[in-house]
Structure formats: structure tokens, C-alpha cells
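Worksheet: the structure to be examined is printed underneath.
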Amino acid sequence: MTGAVWPAVLGRFDWSSLPFVRAWQDPTVSEIIGAGAAAIVVFAAIGVVALITRYRRWGYLWREWFTSLDHKKIGIMYIVLAFVMLSRALVEAVLMRLQQAAAINTPGFLSPDHFAQLFSTHGSIMIFFMAMPFLTGLINYVMPLQIGSRDVAFPLLNSISLWLTGGAAGLMMVSLVIGRFSTGGWSGYPPYTELAFSPDVGPDYWIWALTLGSIGSTLTGLNFAVTIYKMRCPGMDLMRMPLFVWTSLCASILMIFAMPPLTVATALLALDRYLGFHFFTNDLGGDMMNYANLFWLFGHPEVYILILPAFGVYSEVVSTFSSKGLYGYTSLVWATMAIAVLSFTVWVHHFFTMGQSADINAVFGIATMAIGVPTGVKIYDWVWTMFRGEVRFTVPMLYALAFMMTFVLGGFTGILLAFPPLDYLAHNTLFLVAHFHNMLIPGLLYGMLAGYHYWFPKAFGFRLDEKWGRIAFGCWVVGFYLAFMPLYVLGAAGVARRTQEVFEPAFRPWLYVAGLGALVLLCALASLFVQLWVSIKRRDANRVTAGDPWDGRGLEWSISAPPPEYNFASIPRVSRRDPFYDVKRTGDPYAPPAAYQDIRLPKGSMAGPVIGLAGATTAFGLVWHMWWLAILGLLAVIVAVIARSFARDVEKVIDAAEVERTEAAWLSAVAAATPILREGEMSCANQGLAEIPA
Amino acid sequence: MSASAREKRREIRAYVIGYGLALALTAAAFAAVRWRGFTASATLAIVLGLALVQLIVHFRFFLHVSLSRASRDNLGLVLFSALIIALMVSGTLVILFNLRQRMM
Amino acid sequence: MSAGEVIPTGLDLGGASQSAPERAATGVQGFWVFLMSDAVIFALLFATYGVMLSRTAGGPTPAAVYKIGPAFIETLILLTSSFTFGMASVTLNDAGPRRRLFGWMSVTLLLGAAFLGMELRDFGAMFSAGAYPTRSGYLSAFFALVPLHGLHVLVGAVWMVVMMVQLRVFGRDAQVMLNIRRLALFWHFLDIVWIAIFSVVYLQGLIR
Chain L
3 MTGAVWPAVL GRFDWSSLPF VRAWQDPTVS EIIGAGAAAI VVFAAIGVVA
53 LITRYRRWGY LWREWFTSLD HKKIGIMYIV LAFVMLSRAL VEAVLMRLQQ
103 AAAINTPGFL SPDHFAQLFS THGSIMIFFM AMPFLTGLIN YVMPLQIGSR
153 DVAFPLLNSI SLWLTGGAAG LMMVSLVIGR FSTGGWSGYP PYTELAFSPD
203 VGPDYWIWAL TLGSIGSTLT GLNFAVTIYK MRCPGMDLMR MPLFVWTSLC
253 ASILMIFAMP PLTVATALLA LDRYLGFHFF TNDLGGDMMN YANLFWLFGH
303 PEVYILILPA FGVYSEVVST FSSKGLYGYT SLVWATMAIA VLSFTVWVHH
353 FFTMGQSADI NAVFGIATMA IGVPTGVKIY DWVWTMFRGE VRFTVPMLYA
403 LAFMMTFVLG GFTGILLAFP PLDYLAHNTL FLVAHFHNML IPGLLYGMLA
453 GYHYWFPKAF GFRLDEKWGR IAFGCWVVGF YLAFMPLYVL GAAGVARRTQ
503 EVFEPAFRPW LYVAGLGALV LLCALASLFV QLWVSIKRRD ANRVTAGDPW
553 DGRGLEWSIS APPPEYNFAS IPRVSRRDPF YDVKRTGDPY APPAAYQDIR
603 LPKGSMAGPV IGLAGATTAF GLVWHMWWLA ILGLLAVIVA VIARSFARDV
653 EKVIDAAEVE RTEAAWLSAV AAATPILREG EMSCANQGLA EIPA
Chain R
163 MSASAREKRR EIRAYVIGYG LALALTAAAF AAVRWRGFTA SATLAIVLGL
213 ALVQLIVHFR FFLHVSLSRA SRDNLGLVLF SALIIALMVS GTLVILFNLR
263 QRMM
Chain S
2 MSAGEVIPTG LDLGGASQSA PERAATGVQG FWVFLMSDAV IFALLFATYG
52 VMLSRTAGGP TPAAVYKIGP AFIETLILLT SSFTFGMASV TLNDAGPRRR
102 LFGWMSVTLL LGAAFLGMEL RDFGAMFSAG AYPTRSGYLS AFFALVPLHG
152 LHVLVGAVWM VVMMVQLRVF GRDAQVMLNI RRLALFWHFL DIVWIAIFSV
202 VYLQGLIR
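Chains as they are written, first to last, in the numbering used here: chain L, 3 to 696; chain R, 163 to 266; chain S, 2 to 209.
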């Protein structure tokens, strides 16, 4: 069944756009898996809507979460999104690993087209809808608390960014049910993704999902950078900020300057596809090499956007769980800034083989090797922080240790690849795939998981289950090594990336090990969900209401767990680094203020969800050539923005009496809590109050 | 004259001076092209040089970005952005022209 | 420091993290940052234009297609509109009737509309001379860069209308003042981009 159904309204939709119809017409295993995935999305969506309706929580969700401008709630929603998308993208990875293990001189169970969609969605989702939301969520939650602020500089913009990202993620999920995704990888190189070679909806889904996400991220970077510059509490000079705030600042600056090149690259590709322009076409003067240039002008700083917040988490975690101040704070700050600036000078190393002269390659190769140096400085600083500290092997600390060892291995392979002649051999092989996963999984993902475990008790008021945390950790580490070490060997032996079938039987054992590794990683993800379930069931035993379960150092630990909506009853004043740690040892950390004040906070707004939904609708209309829908969506965005600018009743007041009641409740919990030494921090005796050793 | 009136006079003067300078620089650039007095590459250099000066005039007189303490933050932001833009644009031109030359 | 210390700043913070002037400064600074990200987008379109300049695919070349007269007039119009908005900004803090403010903003709006009208006529002339964006890589690059600037001017004009309505409705309240300041930044920024356009696109094209 092909042929448009109702072109004036439904654009280029036809019945074979539905995976169910395709599977019916051509019942191969590949198509059935596709239809199965679509069915899961449909049933999950129906299921979620049904559950919320059954328990009558729409009003609550809308009022308390979707329209909230509270950075803490927005942060949590980002992380929820990240976990959902992580689940999908990890399953896609498992399918690909199993396919490669199965398809040695035989077609396997996934068609080449399906396999190509899988590696495209896997990469796009992991970067834009798992990693970026995860780090944005962590920074959103923690950074304002660490700088002693009540919220970010632009709370409404924060909500809009969240919903643009959510809308884009929704578009990715819709692409599973209606239509197909791009087969051009997460990088979408033309001319393959031009109309001449990919006239279908796939590349359009990719273009618009990334465009929505990149606009959201640019606005987020702007928001965070201005917040850190302008809203630090009195006494918090730049050189007194926690390292997590420094890395958030540098990552935000990178977001501001690195997302625009992506917007340009995808916009120019869209102009080619929609209006017949010739930026990257084969004919009439297109220059497709400019695409690679533009994409990687974005792509390289992007990977530093991903890693810098993780480095910030490690700084916090290593310091806290070594019971010691960070070694070499100043060098860590300079290293972070050096990484941020140098990240704009190395992008050519992603296309050493594209044909430019050896001299150009050499310049960028040298710059690439240079950028490894500040990271090395950081590793040494963390190691020296642990040295002669009292190291506690909690789950976040375990992730930090695994990171230090595994990430450095991957860093070595990066130095190898930085050398253009060597890169000519390894470019686009599984060696490269192993390298960047070696950076992203132990670097970014372990960092995010460490941050999740570390700050979860602050956000929700109870600790996560430690046993299941360790099981998950073990699976993440073992799974990573099993899945990716063989890929280094295979890549060095010449196996190209993105291949659906392999033709050398000698590779079989390596591919089997890699496939097993993927299954272990799936167990790691499952363990995390089990951990969450168990932790929620046991939450009363693990409550840490007093707010300081780890004898923490920063201001975020000086308030209750979970914190009140206004964060701080009165804005703190600091005089040194690690201010809370300091006051616990020299002053009275829980002294109430002399007087309470009324606190003004932003009211919730529906502008965020409306703009996100309208943006996603516009994108969907553009993908399917439903021009009326695209225009309506765009108009809705414009009207929403203009209408919101007329709003004047945008603040609510929490009066001083209510603040006093909230604070008093918390302070009496603190008074009633038994302080614990570090030996007891994993037990139920930990109520969030640290005993200071004499 | 009160302080605020003086302030206002100064502001108006800034815009008038900026406008005048910008007009002159614009006219000079168009004139250089309209009445070819120089070689092609010299004319291009003159045009781009005048553009750079006019950029600075706009920043100084219309956007009030100067070396003063008050605008220090904005100046830093603009200079950092200029650095990143210079890296991206010059890198793009060098690389793509090198690629084109090697393909000829 | 105790966790609950009240700041003895003497300023009435009203329980907010920042005072009103601090919030205004933050609001303006955020817009500066946005303009810098916009500047990167334009810069890369300029770089792309530079790369594609020779890729005329046997079609119209810059020298054949650009006219110095209209480019000059459009430049004067936009530059003058920047000056008139500057005058509007000067009257922003005036007490009393807002006639001058409305007057300067209206003149700016008219000049912006004139600019857009001339530019659209230019594009029309180019189209009928066979210079349309799907003809070659060079023309694609032209028609991405220059109309994007025009689109920004259109957005600025719409924004100007909205601000004039809000001045009527709300008077000079804090939010309206902040948004007019941001619009001023935007408008001057667009003139700065135009300097680059008339130099790198029009004048460079007419030299060769």
C-alpha cells in the first residue's frame, strides 16, 4: 500500500509509513522488530496516560511539575527524560551488537536499512537526549544550590529549554511509530542525506529533532552562564566556587558558542532538502566538505560540553569521599578553562582523512595532543586528593575510581588517533568507535551516575540502596570492558564502523565477547531500575532529612533534604571555599537567621509546555510536508512568546511566617537527629547529620 | 544644568558622533569601490578595514562598549566572542580553500 | 558564616536573590549573550559565503547581480534607523509624556520597513535576472545570509510594534524598559551585521 492518503492534509504520509503495515507486507524478523518497537511506544504512551488518568494526577502534574519554573523540578524532569532515552538507546546498542555477532558471512536478523537506522538513532539519542539532558538536569538542580541562589537567572527560559528538548525527544519517539529515521548516522553527512539519495522522512526527523534540541541547549548555556556570573551569593568570588560550578560555567560557555554551528549545518541541509538550495549537493556548486567542517565545529566542543560537568562531579565526589579538600584547586580551574578554549582549536581531527594538506592536519594534530594535557593535570589532582585522605568506597567513589583508570586508557587511544598518519588507518573503524565510547561511558556516563547517586538523597530526602548500586556499578564496568575492548582489536584489524554484516570468521570470538558485554550493560541498566524500586520501598529507613548525609562541603548540604522551594531562608554569605564544611568545624551550621523575610518566587507558567509542544508540532509538520501544521505550530510559538510578554502577575510570595514554619520543622529534625561518623553513613542510622570528629 | 541633563547631552553627543563617523566610513567604502582608485585586492583591504573601524564605532558609540569599568563585562564578552568567531571563520576559510586547491 | 545569616546590605532585597537594578542588569546581560550566539551563526554564514563565492556553476556572478546604488541607500536607511533608535533610547528615562519616545520609535520602524521593502525589491530583481537560490552554490549562500538578516529586521520591527503597544498598556514599567533596552541592543546589532554584509557581500562582489 503506497501512495499518499490525503496529501493536502497529511502531506507525504502513506500507509506504509506505519511499521505495522510494513511488517504485515514483508514479515521479516527485521520488520517485526521494528513493528514491535513501535508497539512498545504506543502501548507505553497509552499506559502512562491511562495510569495518570486513573489516579487523577493530571492536575497535580500540570500544576506542580509541567508548569513549574523551579530549577529543582526542571532538573529532575531532565534526568527522568535522560533515563527513559538511555533505556531506548541501550536496547538499540544491544540489538546492534547481537546483529554483528550473528551476522558473520550471513545476513543476520537485521536488514542493512534497519541497522543503519539503529546506529543513527543510538548516537543521536545518546548525545542529544540522554547525555545533554542528564548533565543539564544535574547542573540545573545542583548549581544554584552551590552558589547560594534561589533559582537560575531566567527561570522561564529554563522551562522553555526543557520543553523544547522534551518535544524533540518526543519527535524521536514518534519516528519509531510513524515513518522511519535517518540512516545517515548521528552526524548526517550529505550528499547521502540530501534529497537525491535520501528523499524519505528520515533525515528530516533527524534535522528537526536536533534543531529543537540545539536551540534548547543554546538557551540553557546562556541561562547557566549568566546565573553563575550574576547570582552568586555574597562572598562567593569566582575562585571560591565549587569545581562543579566552574565546570558548569565552562560547559555553558561552550554550549553558547558551539551549538550555533550545528544550527547552521542542519539549517543549510534543510534549505537544500526543502527549497532545493545547493549548499552540499553534488551538483551546481555544492560543497559537501563544508558540512563536515561546520558539523565538527559543533561536534568537538560538544564532547567537552559532555565531559566537563562529569569532571565537575568527580571533583566533588573525590573530595567528599576522600574526606579531604580538593588538591590543586587553582590548577583544576585553569585546566578546565584551558580545555574549554582549546576545544575550539581541534575540530579537524574528526576529518583528518577528508583531503586537506598534511600541514593543516599537523596543526590540528598537535592541538589535539595538547588538549590531553589539562585533563592529565586533573587526573593527577584527583589522585593527590585521595592520597592520605580517608577514602570511603561508596558507589559514587567507585564510579570515580573506575573512571580514572578506564578513561585514561581511552585517552591514550585518543592520543594515538591524534596522530594523522595513524588516524588514516583507524578512521571510521571500530577502533574509533571503541575510543569514543571509552571516553563517553567511563567519562560522561559514570560521572552522571555518580552525580545521580551523590545528590539523589538531597533531592528526594532518602539514600539510594547501596547494594543494588554496587551491582549496577559492577555490571557497568564489566559490561563496558567486555563490549568495547574487543572493538579496539577489531578496529585495528580493519573492521569498519556502521557495518551490518562482517565477512571474516576470525572475528567471531571478539564479536561474541562484545555481544556478551552489551547484555551485561543491559543488566546494569536493569539494576539501576531495581535499585530505584528498592530504594523507594525502603525510603523511610533511609531518610536523611537533616540534609547532609556525606559530611559535604558545599552550600547544597546546608539545607534540608529535600530542600524547600526557596532553597535558602536567607541568602548565605561565604568567606572561603568549601563553606559548609568550614562552618561545621568552626561555627554553628544550623543557627537560624535573626529574622525571616517574605520570599518572592516565580509563579508557574504554561509557556514552556506550549512552546515545546508547538515546536514539536511545527517540526512534525515540516517532516511530513504538512505545511498547514507547520505554519500553525510556528504561529503558536510566536503568539505564546508575545502573549507571555504581556503577563505581569508572574510572582508569588511565600510569607515570612511560612518560611519560619518550614525552617523550624527542618531544624527540629536536625535537633532530633543523631549525628553519625563516616563509618555509619551507609547505615540506617544516617539521618543526614554529620558528627564532627574531635 | 543638572547632572541628568548633562548625562543626556553626553548620550546624544555619542549617538551624533557615532552616526557621523559611520556615515563617513560608509561613504568612503562605497566611494573606493565606485571610483576604482586602487587595485582590486587593495580596494578589498580598504573596504574590510573601513568595516572593522565602523564596527568599533558602532560598539563604542551605539552600544556603549568601551574600556570603562562599567562596560568591562560586555567588552570581555565581545572580545571572547570575536576570538571564537575568528578561529571558526579563519579555520573554515583556510581548510576549505586548501581542499579546493588540492582538488583542482 | 552561619547557614542562615541575613545580609546586612542596607538594600531592600524584598526576599529576592537580587535587587531590581541587579535583575535588570542580569536581564540585559543575558540578551548580550544571546546576541553573541546569533553572531556566531551569522559569522558561519559569512564563512560559508566566502567558501561558496566562486561556486557559480556557470550562472550569475556577484558582479553581474549586485547594484551599488540600492546597496548604498539601504545602508544609509539602516544606519539612520540605528541613530533614531539611539535617540529613542535617550528619551527612555525621561519623565513625562512619552510622545518623543513614540516618535523616535515610529521613525525607526518606518526606516526598518523601508529597508525591508527595498531589499525585497532587490531580491525580486535578482530573481527575474535569473539569480535565484537554487541556481548555484554561490546564490544559495547569498540567499541564506542576506535574507536571514532581513528576517531578523522583520522580527525587530514586529518587536518594535509590540513594545509600542506595551508602552501604551503598561507605561514605562520595569519589564517594558528592560525589553526596550534589549530591542535597542538587537537593532544596533543588526546594523553591525549589515556593515559586514555590505562590505563582504556587496562591495566585495562589485570589486572583482
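Quick reminder that beta carbons are idealized off the backbone N, C-alpha and C, glycines included.
{"Query": "Neighbour-count burial assignment, Q27 of chain L, 16 or more Cβ in a 10 Å radius", "Result": "exposed"}
{"Query": "Beta-carbon proximity of G314 of chain L to T268 of chain L, cut-off 8 Å", "Result": "no"}
{"Query": "For L45 of chain S, the nearest candidate out of L:A428, L:L299 and L:D383 (CA to CA)", "Result": "L:L299"}
{"Query": "Closest residue to R499 of chain L among L:S122, L:G110 and L:W60 (Cα-Cα distance)", "Result": "L:S122"}
{"Query": "Enclosing alpha helix (DSSP H) for P376 of chain L [first to last residue]", "Result": "A360 to M388"}
{"Query": "Integer-rounded CB distance, given that T92 of chain S should sit under 8 Å from L102 of chain S", "Result": "5 Å"}
{"Query": "Rounded distance between the beta-carbons of G327 of chain L and S321 of chain L, thought under 8 Å", "Result": "6 Å"}
{"Query": "Contact with chain S by A687 of chain L, beta-carbon distance below 8 Å", "Result": "no"}
{"Query": "Chain-ordered chain L contacts of I246 of chain R [CB-CB under 8 Å]", "Result": "F259 and F346"}
{"Query": "Contact set between the segment 80 to 93 of chain S and chain R, restricted to residues whose Cβ is under 7 Å from the partner", "Result": "L80, S83, F84, G87, M88 and V91"}
{"Query": "Residue from L:G215, L:V343 and L:V319 whose Cα sits closest to the Cα of A244 of chain R", "Result": "L:V343"}
{"Query": "Contact set between N236 of chain R and chain S, taken where Cβ atoms lie within less than 8 Å", "Result": "Q30 and W33"}
{"Query": "Cβ shell of G463 of chain L (< 7 Å), same chain only, five flanking positions each side left out", "Result": "R545, V546, T547, A563 and P564"}
{"Query": "Assigned secondary structure, V203 of chain L (DSSP; H/G/I helix, E/B strand, else coil)", "Result": "coil"}
{"Query": "Segment contact flag, the segment 25 to 35 of chain S with the segment 175 to 182 of chain S, C-beta cutoff 8 Å, min 3 pairs", "Result": "yes"}
{"Query": "Other residues of its chain near M628 of chain L: CB distance less than 6 Å, five sequence neighbours each side excluded", "Result": "G13"}
{"Query": "Which of helix, strand or coil DSSP assigns to P9 of chain L", "Result": "helix"}
{"Query": "L121 of chain S at chain R interface by Cβ criterion, 8 Å", "Result": "no"}
{"Query": "Cut-off 7 Å between Cβ atoms - residues of its own chain near R65 of chain L, not counting five sequence neighbours on either side", "Result": "G606"}
{"Query": "At least three beta-carbon pairs within less than 8 Å, the segment 130 to 139 of chain S to the segment 276 to 291 of chain L", "Result": "yes"}
{"Query": "Residues within the segment 197 to 214 of chain R neighbouring chain S, beta-carbon criterion of under 7 Å", "Result": "A202, T205, L206, V209, L210 and A213"}
{"Query": "Rounded C-alpha distance that separates A312 of chain L from D550 of chain L", "Result": "22 Å"}
{"Query": "Residue burial classification, N107 of chain L (beta-carbon count within 10 angstroms, cutoff 16)", "Result": "exposed"}
{"Query": "9 Å Cβ cut-off: residues of chain S touching A184 of chain R", "Result": "L80, S83, F84, D192 and I196"}
{"Query": "Identified DSSP bridge partners for V655 of chain L", "Result": "L:R602"}
{"Query": "Inter-residue Cα distance where the pair is V350 of chain L and P98 of chain S", "Result": "58 Å"}
{"Query": "Outcome for I217 of chain L when other beta-carbon atoms lying within 10 angstroms are tallied against a minimum of 16", "Result": "buried"}
{"Query": "Neighbourhood of F458 of chain L by C-beta, 6 Å cutoff - its chain only, sequence neighbours within 5 removed", "Result": "L466"}
{"Query": "Coarse secondary structure for A649 of chain L, derived from DSSP in three states", "Result": "coil"}
{"Query": "Reduced DSSP secondary structure (H/G/I, E/B, other) of V672 of chain L", "Result": "helix"}
{"Query": "D285 of chain L at chain R interface by Cβ criterion, 8 Å", "Result": "no"}
{"Query": "Chain L contact residues for T135 of chain S, given Cβ-Cβ distances below 9 Å", "Result": "L277, G278, F279, H280 and L286"}
{"Query": "Residues within the segment 35 to 57 of chain S neighbouring chain L, beta-carbon criterion of under 8 Å", "Result": "F35, M37, S38, D39, V41, I42, L45, L46, T49, V52, M53, R56 and T57"}
{"Query": "Below-8 Å beta-carbon distance, A165 of chain R vs any chain S residue", "Result": "no"}
{"Query": "Distance between beta carbons of L523 of chain L and G481 of chain L, contact taken as under 8 Å", "Result": "4 Å"}
{"Query": "Cβ neighbours of R152 of chain L in the same chain (closer than 8 Å, five flanking residues each side left out)", "Result": "P146, Y568, N569, F570, I573, I601 and L603"}
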